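Colleague:
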Amino acid sequence: MDLQPISGVPALIAQSAKVVAVFSVVMLVVAYTTLAERRVSAFIQDRLGPNRVGPFGLLQPIADGIKNIFKEETFPATASRFFFALGPMLTIMPAVVTIAVIPFAAPLPTPWGVVDMIVADVPIGILYILALSSVGVYGVVLGGWASNNKYAFLGGLRASAQMVSYEVALGLSLIAVLMLGGNVTLTEIVRQQQAMGLWFALPLSLAFILFVIAAFAETNRLPFDMPEAESELITGYHTEYSAMKFSMFMIGEYAHMLTASALMATLFFGGWDLPGSWDDAFWYQGQLIRGFDAAGVPIAAAPAVWKTLLTLGAFAFKTGFFLLLYIWIRWTLPRFRYDQVMQLGWKVMLPTALAYIVVVAGTVLVLDLVGVPYGFAFGLVLTLVSALCTGAFLFALDRGRIITGAAAVGEQKLLAARRRGGLELAPGSAAGAEIASAAVVDAGD
Amino acid sequence: MVEFLFIVFAVVAVGSAAGVVLARSPVGSLLFMVASLASVAALYVLLEAHFLAAIQVMVYAGAIMVLFLFVIMLLNLGHDYRRDLRLTLTALPLFALTGGIAALLILRFRGAEQAPIYRFFGGGDAIDAALAEQGAVGAIAHPLFTDYLVPFEITGILLLVAIVGAMALAKRHVDDPVPAPAPPAEPLAALDASAEEG
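Chains U and S are the protein sequences, given in the same order. The numbering used here numbers the first residue of the first sequence as 4 and each following residue consecutively. The numbering used here numbers the first residue of the second sequence as 354 and each following residue consecutively.
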């Protein structure tokens, strides 16, 4: 078995097989994430959830799919038909194709050559994902606008404002990763995490936290689901949608979640990497190698089918964990108010991300000047620095000064009034106590 | 294959650019513009300028056009179906002028050899080598931060001026000092008192 990249007709077949396999797996995972959402939410709320269709309700997504295909498609009388139909399509398309640039396993050796386990290793990797996800907002906005319904319209407007705001924080949180990765392709970022011996979640912990928050906002999931806030907007931008068009919005949302989870796993948890260097394999000057020895001589990699399967399992496990985290948080946290979402995005995430870029760049510069080679020790120093930054960030968030609830706003007014002086206390006055308790109830809302 | 794709995307780019001015509804115009920008991004990919393509989609199609859409929807411009395209006599010389500039540019940069990036690296093979060595972003960043640093910084200052100008325009009416609201003394004092009691 030679370690040459696959070429010619077998490469074409392998490429087609990868496209079909990845697309089918994405669709399958999306279907079963909807089931997982319902089952996990039921577990969290001490219910059973859908468990009648098939064993443990496992055939429920299929039943849902059939139901949605046969349901009536409604067109609101005043909707503009073309844009109304275009909305769901524009949502589903970017969500499904973004996963193409994420490597999902170690290279697979075949009798015809080595197959890279990635659909398209484009040179712009992560920029491709950012570009397509920034286009994804059109579906939501157009759907909301074309419905000609005030709730749908408000949902669409909120979606555009929110996604544009958090895209900035998302991009800036990635810059720290790109500084360590040295390249924008995801294969290279996985490779650099293998070379460091540490997954970037540790050396770049603050970037990871910012990325997770921004990714939740980008996928419109709780606590950032302002565009479809049920208690205020019915269901926001898809209020008027039914049957398969509604399904397409749902598939788009879950596919977007899947891509975001896979990105968290790839950028911050080593992608398909498992601890140790036995599974590492990357292309270096036309050879598949595992790394370099002390003298800088490449060590040939030993790809094997079982290694590919094992790393595929590792990738699926990490991605699955983040999907579960999405569901877990949705059924744990309440929704932000709209002004809080905007405050968090512009006044907290953006300056924090910018300051963190300066800190990471400074640390890398100092380490380079001191002469610490890129590796485990390098990573440990960065881990320490990032831990301090993360601690400071979480401490500041926890004080309740930045993102404040209604009760805290009342408290601040009180403090401000006291600071201005001029407050004559009237202890023990019955009327005062009554008003005070009313004020507390108001603030508590 | 590349030529076929080029023709497809070029036709879409020009066709949707015409659609921008011909469409009856502003939202239609905007979507045509997005399509045009996306096709130009596809042309960049065919030219192996992957980074430029990604930035084109991310910044223009993904961010700026979304803001346009936001404004169109906020002002509810979507229900005006009057046709705005009128060919007047003043338009013809302007059309000739812009066409002339385009022709001049085509004549000036006819071959790949005249492109600045080509001269910087010294040949197509060298560009390929730089791409392989530095990645899609590095190959852009390297000339940008060495030979073209001054134009790059000037562009940055220009953008900063634009941002400050936008802030000044947006804040013009907010400038007047808002009279501080009188503190509602009674309830707050009572709240304070009850807080201290228990």
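Glycine is no exception: its CB is placed at the ideal position from the N, C-alpha and C atoms. Bear in mind that the values here come from a model prediction, so they are computed numbers and not experimental data.
(1) Specify the secondary structure class of arginine 423 of chain U as computed by DSSP and reduced to three states.
(2) Return helix, strand or coil for glutamine 487 of chain S, following the three-state DSSP convention.
(3) May I ask you to verify whether the stretch 414 to 425 of chain U touches the stretch 360 to 372 of chain S, counting CB pairs closer than 8 angstroms and requiring at least 3?
(4) Which residues does DSSP pair with threonine 238 of chain U in a beta bridge?
(5) Give the secondary structure of arginine 340 of chain U by DSSP, where H, G and I count as helix, E and B as strand, and everything else as coil.
(6) By alpha-carbon positions, which one of U/Leu328, U/Thr77, U/Leu93 ends up nearest to isoleucine 216 of chain U?
(7) Can you check whether the C-beta of glycine 185 of chain U is within less than 9 angstroms of a C-beta belonging to chain S?
(8) Taking the Cβ atom as the reference point for each residue, do leucine 189 of chain U and proline 106 of chain U lie within a distance shorter than 9 angstroms?
(9) Grab the span of the alpha helix (DSSP H) containing tyrosine 131 of chain U for me, first residue to last.
(10) Which partner residues does leucine 111 of chain U have in the DSSP bridge list?
(11) Please compile the residues from chain S whose C-beta is within a distance smaller than 9 angstroms of the C-beta of glutamate 502 of chain U.
(12) Name the chain S residues whose beta carbon is nearer than 7 angstroms to that of phenylalanine 86 of chain U?
(13) What do you get for arginine 463 of chain S, buried or exposed, if any count of 16 or more other CB atoms within 10 angstroms of its CB means buried?
(14) Smallest Cα separation from glutamate 75 of chain U: which of U/Pro206, U/Met120, U/Val33, U/Ala246?
(15) At 9 angstroms on the CB atoms, spell out the chain U contacts of alanine 489 of chain S, in chain order.
(16) Applying a beta-carbon distance threshold of less than 9 angstroms, which residues of chain S neighbour alanine 217 of chain U?
(17) May I ask you to report which of helix, strand or coil DSSP gives tryptophan 309 of chain U?
(18) Just the chain U side, please: which residues come within less than 8 angstroms of leucine 484 of chain S by C-beta, in chain order?
(19) Name the two residues that bound the continuous beta strand (DSSP E) containing tyrosine 287 of chain U.
(20) With DSSP as the reference, label glycine 294 of chain U as helix, strand or coil.
(21) With 16 as the cutoff for other CB atoms within 10 Å, does isoleucine 69 of chain U come out buried or exposed?
(22) Expressed to the nearest angstrom, what Euclidean distance is found between the alpha-carbon atoms of threonine 335 of chain U and phenylalanine 325 of chain U?
(23) I want to verify the contact list: residues of chain S whose CB lies under 7 angstroms from the CB of alanine 134 of chain U, in sequence order.
(24) Beta-carbon within less than 8 angstroms of valine 388 of chain U's beta-carbon, same chain only, minus the 5 sequence neighbours each way: which residues are those?
(25) Against phenylalanine 404 of chain S, what residues of chain U qualify as contacts under a CB-to-CB distance less than 9 angstroms, listed in chain order?
(26) Pair every Cβ in the stretch 265 to 272 of chain U with every Cβ in the stretch 98 to 112 of chain U, then say whether three or more of these pairs are closer than 8 angstroms.
(27) Tell me whether valine 344 of chain U is buried or exposed, calling it buried when 16 or more other Cβ atoms sit within 10 Å of its Cβ.
(28) Whole angstroms are fine: how far does the CA of isoleucine 237 of chain U sit from the CA of leucine 61 of chain U?
(29) For glycine 452 of chain S, does the count of other Cβ atoms within 10 angstroms reach 16, so buried, or fall short, so exposed?
(30) Going along chain S, which residues have a C-beta under 9 angstroms from valine 144 of chain U?
(31) Pairing CB atoms from the stretch 148 to 159 of chain U with CB atoms from the stretch 224 to 244 of chain U, are three or more of them under 8 angstroms?
(32) Would you check if the distance between the CB atom of histidine 259 of chain U and the CB atom of serine 136 of chain U is smaller than 9 angstroms?
(33) Under the criterion of a Cβ to heavy atom distance below 8 angstroms, does valine 361 of chain S qualify as lining the ligand GTP?
(34) Assuming threonine 262 of chain U contacts threonine 101 of chain U under a Cβ cut-off of 8 angstroms, what Cβ separation, rounded to an integer in Å, is found between them?
(35) Let me know the secondary structure DSSP gives alanine 66 of chain U once reduced to three states.
Modeller: Result, derived from the coordinates:
(1) In the first sequence, counting from the first residue as 1, residue 423 of chain U sits at position 420. Three-state DSSP puts arginine 423 of chain U in coil, outside helix and strand.
(2) Numbered from 1 along the second sequence, position 134 holds the residue referred to as residue 487 of chain S. Reduced to three states, the DSSP call for glutamine 487 of chain S is helix.
(3) no
(4) Residue mapping note: residue 238 of chain U aligns to position 235 of the first sequence, counting from 1. Paired residue(s): none; threonine 238 of chain U is not in a bridge.
(5) Locating residue 340 of chain U in the first sequence gives position 337, where the first residue counts as 1. Looking at arginine 340 of chain U - three-state DSSP - the assignment turns out to be coil, as it is neither helix nor strand.
(6) Counted from its first residue, the first sequence places residue 216 of chain U at position 213. Checked all of U/Leu328, U/Thr77, U/Leu93; the closest Cα to isoleucine 216 of chain U is U/Leu328.
(7) Translated into the one-based positions of the first sequence, residue 185 of chain U becomes position 182. Cβ-Cβ to chain S under 9 angstroms: yes for glycine 185 of chain U.
(8) Start at 1 with the first residue of the first sequence, and residue 189 of chain U comes out as number 186. Start at 1 with the first residue of the first sequence, and residue 106 of chain U comes out as number 103. Going by C-beta atoms, leucine 189 of chain U is nearer than 9 angstroms to proline 106 of chain U.
(9) The residue you call residue 131 of chain U lines up with position 128 of the first sequence. Here the alpha helix (DSSP H) through tyrosine 131 of chain U covers 128 to 138.
(10) To locate residue 111 of chain U, count along the first sequence from 1; it is residue 108. Answer is U/Val118, bridged to leucine 111 of chain U.
(11) Beyond the ends of chain U as shown, which are 4 and 448, falls residue 502 of chain U; an answer cannot be given.
(12) For the purposes of this step, residue 86 of chain U is taken as residue 83 along the first sequence, with counting starting at 1. Neighbours of phenylalanine 86 of chain U on chain S, chain order: Val380.
(13) Locating residue 463 of chain S in the second sequence gives position 110, where the first residue counts as 1. Its Cβ having fewer than 16 others within 10 Å, arginine 463 of chain S is exposed.
(14) The residue given as residue 75 of chain U occupies position 72 in the first sequence. Closest option to glutamate 75 of chain U, Cα to Cα, is U/Ala246.
(15) The count along the second sequence starts at 1 and reaches residue 489 of chain S at position 136. Chain U residues near alanine 489 of chain S: Val125, Pro126, Ile127, Gly128, Leu130, Asn186, Val187, Thr188.
(16) The sequence position of residue 217 of chain U within the first sequence is 214, counting from 1. Per Cβ cutoff of 9 angstroms: no residues; alanine 217 of chain U is ~15 angstroms from chain S at best.
(17) Here residue 309 of chain U corresponds to residue number 306 of the first sequence, with the count starting at 1. Tryptophan 309 of chain U: helix per DSSP, three-state reduction.
(18) As a first step, residue 484 of chain S is located in the second sequence; it is residue number 131 there, counting from the start. Per Cβ cutoff of 8 angstroms: Pro126.
(19) As a first step, residue 287 of chain U is located in the first sequence; it is residue number 284 there, counting from the start. Bounds of the beta strand (DSSP E) holding tyrosine 287 of chain U are 285 to 287.
(20) Residue numbering aside, residue 294 of chain U sits at position 291 when the first sequence is read from its first letter. Three-state DSSP puts glycine 294 of chain U in a strand.
(21) Locating residue 69 of chain U in the first sequence gives position 66, counting from the first residue. That one is exposed.
(22) Taking the first sequence and counting its residues from 1, the one referred to as residue 335 of chain U is at position 332. Taking the first sequence and counting its residues from 1, the one referred to as residue 325 of chain U is at position 322. Going by the C-alpha atoms only, they are around 15 angstroms apart.
(23) By one-based count along the first sequence, residue 134 of chain U stands at place 131. Those are Ala407, Val410, Met411, Gly415, listed as they occur along chain S.
(24) Numbered from 1 along the first sequence, position 385 holds the residue referred to as residue 388 of chain U. Once the five neighbours on either side are set aside, the close Cβ partners of valine 388 of chain U are Val362, Val363, Thr366.
(25) Counting from 1 along the second sequence, the entry for residue 404 of chain S is found at position 51. Ordered by position in chain U, the residues that pass the 9 angstroms Cβ test against phenylalanine 404 of chain S are Pro126, Ile127, Leu130, Val187.
(26) yes
(27) Locating residue 344 of chain U in the first sequence gives position 341, where the first residue counts as 1. Buried, because 16 or more other Cβ atoms sit within 10 Å of the Cβ of valine 344 of chain U.
(28) For this step, residue 61 of chain U is matched to residue 58 along the first sequence. For this step, residue 237 of chain U is matched to residue 234 along the first sequence. Their Cα atoms are separated by approximately 29 angstroms.
(29) In the second sequence, residue 452 of chain S corresponds to position 99, counting from 1. Classification of glycine 452 of chain S: exposed, given that the 10 Å Cβ count is below 16.
(30) Within the first sequence, the letter at position 141 stands for residue 144 of chain U. Here the neighbours are Val419, Leu422, Phe423, Met426.
(31) yes
(32) Taking the first residue of the first sequence as 1, we reach residue 259 of chain U at position 256. Taking the first residue of the first sequence as 1, we reach residue 136 of chain U at position 133. The answer is yes: Cβ separation under 9 angstroms.
(33) As for the ligand GTP, it is missing from this structure, which has no ligand bound.
(34) The sequence position of residue 262 of chain U within the first sequence is 259, counting from 1. The sequence position of residue 101 of chain U within the first sequence is 98, counting from 1. Contact between threonine 262 of chain U and threonine 101 of chain U holds, with the beta-carbon distance rounding to 5 angstroms and staying under 8 angstroms.
(35) Numbered from its first residue, the first sequence carries residue 66 of chain U at position 63. In this structure, alanine 66 of chain U counts as helix in the three-state DSSP scheme.
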